[in-house]
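I have placed the structure first, in the form of structure tokens, so that the comments after it can refer back to it.
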Amino acid sequence: MITRISSLAATLLVLGIACAKADQVDAPSITIWTGKSHAQMQQIAQDFTTDTGVSVEVKRPVDITGNFEIQARNGEGPDVIFWPHDRIGDWAKAGLISELKPSESLKASAVDYAWDAVSVEGKTYGYPIGIEAISLIYNKALISQVPTSFEEIFQLDQQLQEQHKAKAILWDYNNTYYTWPLLAADGAYVFAKQNQRYNVKDTGVNHPSAMYAANLLKRMLDEQVMPRNADYSIMDVQFIKGEVAMVINGPWYWDELNSVGMDFGVAPLPSVNGKPAKAFVGIWSAVVNSATKHPALVDEFLNYYLMTVENQRLLFSSGDIGAMANLELEKELANDPKVQAVYASAAQGEPMPNAAAMGKFWAAMATTLTNITTGRQPVEKALNAAAKRITR
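Under our numbering, residues 157 to 548 are what the sequence shown spells out, in order.
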């Protein structure tokens, strides 16, 4: 650290001389926007300020991404923003974020798929920190052993109704984020990827495996395993009341369950047609505003403060992050079954594409799932129409 502070002192000396020679020039400072681990980020920022004298302001604005895009397009906004990686493609294409040059040692410190997620066409645009992936969350008072396949849930539902007057499962099934793992289990894909590039004219949302899974979902509704027109809030209420044994959700849901005193477990998602369900994996990452006026200071903060194992451990202590991309912390968390379930879901899942065309995917699939679950369109017709809209 002494070597790093010495090199940083040289940078600050140059900045100080420049500031002294200019009239009304503010002292260098860094602004960070984050929606997670706010108090812990402030602690890291304070350590940086203590060592360097550089002020670091940590903010949690409303609508982080919307405000960032507006301000960054005008050459303003925070120096660093923390957000899941799926927006990186949009921001890189628009020139709003800077390419980063992580050292080989830093790259070796995190899981490979996290670096893949923060890369666009072979260039790195983010530093991966947290891992988010949905899993099967179950009420231990109602169920002790989770099903290994979605096909088993029909029989389980009958058993639970007889034993506990509870239903087996419910999730926000019209939300593509929660249902996509079923559709993607056996070959469906958002966009084909070759040579580190997404081909947005090639989608597999109408792959036969997606047809199978969508029909399985429809059967769950037809046979009243799940109610029609359910959404996240209905799922939440019924699970908290003990009316449903299992839900599909992410680590952000754990705090609520802890607050109501539920004894719950977390497990990888069941298989579909014998294949592992593939959850979208989100990598909570640090990205740098291309308009930052202090890239050297930002680089020092990220590389030699934020990304240390000690500070990664500190960020995880907030409870806001499901699992960490850092390999050393993954080993430390080996005895936490809930966190290990997140790692397992992420390992069998796939990073959410960071292609700029993801907006078309979300829009098309939202309509498609609603049409399927309400019976407005047959499965095959609905998914074929979605594929056409996505690649149009």
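Where a beta carbon is used, it is the ideal one built from N, C-alpha and C, also for glycine. Bear in mind that the values here come from a model prediction, so they are computed numbers and not experimental data.
Worksheet item: If you pair each beta-carbon of the region 340 to 352 with each one of the region 282 to 302, do three or more pairs fall below 8 Å?
Response: no
Worksheet item: Is the CB-CB distance between Gly398 and Ala503 below 8 Å?
Response: no
Worksheet item: Given that a residue counts as buried once 16 or more other Cβ atoms are within 10 Å of its Cβ, and exposed if not, what is Lys487?
Response: exposed
Item to complete: Can you check DSSP and say which residues form a bridge with Arg353?
Response: Gln350
Discussion item. Are the CB atoms of Phe420 and Ile293 within a distance shorter than 8 Å?
Written reply: yes
Discussion item. If you measure between the beta carbons of Val428 and Asp342, is that distance less than 8 Å?
Written reply: In this structure, Asp342 lies closer than 8 Å to Val428 by Cβ.
Worksheet entry | Residue environment, Asp179, which counts as buried when at least 16 other CB atoms sit within 10 Å | Summary for Asp179: the model assigns pLDDT 43, below 50, so the residue's position carries little reliability; its value from the coordinates is reported in the next sentence. Under this definition Asp179 is an exposed residue.
Worksheet item: Mind pulling the beta strand (DSSP E) runs of 3 or more residues that sit fully within the region 193 to 222?
Response: 211 to 215
Item to complete: Please list, in chain order, all residues of the same chain as His363 whose beta carbon is under 6 Å from its beta carbon, the five residues on each side excluded.
Response: Gly343, Ala344
Practice prompt. Count the other C-beta atoms from every protein chain shown that fall within 10 angstroms of the C-beta of Gln468, then say buried if there are 16 or more, exposed otherwise.
Written response: buried
Item to complete: Assign Lys357 to one of two classes, buried (16 or more other C-beta atoms within 10 Å of its C-beta) or exposed (fewer than that).
Response: exposed
Worksheet item: How about Glu484 and Val454: are their beta carbons less than 8 Å apart?
Response: In this structure, Val454 does not lie closer than 8 Å to Glu484 by Cβ.
Discussion item. Between which residues of its own chain and Gly114 is the CB-CB distance below 6 Å, once the five residues before and five after are set aside?
Written reply: Shown here, the chain extends from 157 to 548; a query on residue 114 therefore has no answer.
Worksheet item: If you draw a straight line from the alpha carbon of Met382 to that of Leu339, how long is it in whole angstroms?
Response: Answer to the nearest angstrom: the Cα atoms are 18 Å apart.
Fill in: Classification of Ala289 by the beta-carbon crowding that lies within 10 angstroms, buried from 16 upward
buried
Worksheet item: Quick one: what does DSSP say Met418 is sitting in, helix, strand or coil?
Response: coil
Fill in: Proximity winner among Asp476, Pro426, Phe517, relative to Thr304 (alpha-carbon distances)
Pro426
Fill in: Classification of Asp235 by the beta-carbon crowding that lies within 10 angstroms, buried from 16 upward
buried
Fill in: Val422 versus Ala433, Val267, Gly406, Tyr333, residue with shortest Cα-Cα distance
Gly406
Practice prompt. State the CB to CB distance for the pair Ser474 and Lys192, rounded to an integer number of angstroms; the pair is presumed to be in contact (CB under 8 Å).
Written response: 7 Å
Worksheet item: What's the gap between the Cα of Ile220 and the Cα of Asp492?
Response: 31 Å
Worksheet item: So what does DSSP say about Lys434, is it helix, strand or coil?
Response: In the three-state DSSP reduction, Lys434 falls in the coil class, being neither helix nor strand.
Worksheet entry | Alpha-carbon to alpha-carbon, Tyr269 and Gly360 | 21 Å
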